[in-house]
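Q:
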Amino acid sequence: GSGANSGCNGLERWAEAFDSEIEIDRAGNAYTLQVLQAARLDGADYLGNLRDLFPQAASEINEAIDTVRALVTTLAPLVTLFPFPAGGHGNISNPGLREAAAAALRRAAGHQRDLAIAIAGVHKAIESE
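Numbering (this note's numbering), first residue to last: 302 to 430.
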């Protein structure tokens, strides 16, 4: 696929949805946030395991882990605002919540971009060995 709805682009499109008048389901949004957080936390654990296997890339891997943690920290308030499964049902209609969510998702997209660069650095460090 084109990746239009994943990674940085997916986070940007999610933010655009919050900026628009489109209905955003509370339960679906809360679930997706939980999945995203879990995936990023698992990714940080995986990178930690890589650091043990490739000590020559430890610096690059630590940078990637720090970037994942920044992304997770950015999304944490949204996980609190939209808890799963107790987040309720129906449209997220509060303008303040929508604005805050869009801003956090845009910051997360920036961290995701930084993470892609950091992962490329990890790959290069591992390949150079």
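Quick reminder that beta carbons are idealized off the backbone N, C-alpha and C, glycines included.
To the nearest angstrom, report how far apart residue 302 and residue 386 are at their CA atoms.
A: Taking the sequence shown and counting its residues from 1, one reaches residue 302 at position 1. Taking the sequence shown and counting its residues from 1, one reaches residue 386 at position 85. Because residue 302 sits at a pLDDT of 46, beneath the cut-off of 50, its placement in the model cannot be relied upon, and the following sentence gives the value as read from the coordinates. Going from the Cα of residue 302 to the Cα of residue 386 covers about 30 Å.
Q: From 347, 429, 322, 418, pick the residue whose C-alpha is nearest to that of residue 309; which is it?
A: Within the sequence shown, residue 309 is the residue found at index 8, counting from 1. The residue with the shortest Cα to Cα distance from residue 309 is 418.
Q: Using the three-state DSSP reduction, which class does residue 392 fall into: helix, strand or coil?
A: In the sequence shown, counting from the first residue as 1, residue 392 sits at position 91. Strand at residue 392.
Q: For the alpha helix (DSSP H) that contains residue 289, what are its first and last residues?
A: With the chain covering only 302 through 430, there is no way to say anything about residue 289.
Q: With 16 other CB atoms within 10 Å as the buried threshold, where does residue 362 fall?
A: Here the question's residue 362 lines up with position 61 in the sequence shown. Buried, because 16 or more other Cβ atoms sit within 10 Å of the Cβ of residue 362.
Q: With C-beta atoms as the reference, is residue 421 less than 8 Å away from residue 312?
A: Numbered from 1 along the sequence shown, position 120 holds the residue referred to as residue 421. Numbered from 1 along the sequence shown, position 11 holds the residue referred to as residue 312. Result no, Cβ atoms of residue 421 and residue 312 do not sit closer than 8 Å.
Q: Here's a check: name, in chain order, each residue in its chain whose Cβ is nearer than 8 Å to the Cβ of residue 414, leaving out the five neighbours to either side.
A: Taking the sequence shown and counting its residues from 1, the one referred to as residue 414 is at position 113. Once the five neighbours on either side are set aside, the close Cβ partners of residue 414 are 309.
Q: Could you tell me the distance, in whole angstroms, from the CA atom of residue 380 to the CA atom of residue 360?
A: Along the sequence shown, one-based indexing puts residue 380 at 79. Along the sequence shown, one-based indexing puts residue 360 at 59. Near 30 Å, if we compare the C-alpha coordinates of residue 360 and residue 380.
Q: Please determine, among 403, 327, 355, 357, the residue with the shortest C-alpha to C-alpha distance to residue 375.
A: Against the sequence shown, residue 375 aligns to sequence position 74. Closest option to residue 375, Cα to Cα, is 403.
Q: Using a Cβ-Cβ cut-off of 6 Å (strictly less than) and excluding sequence neighbours within five positions of residue 335, which residues of its own chain qualify?
A: Here the question's residue 335 lines up with position 34 in the sequence shown. Here the set comprises 385.
Q: In terms of DSSP beta bridges, what is residue 326 paired with?
A: As a first step, residue 326 is located in the sequence shown; it is residue number 25 there, counting from the start. According to DSSP, residue 326 bridges with 392.
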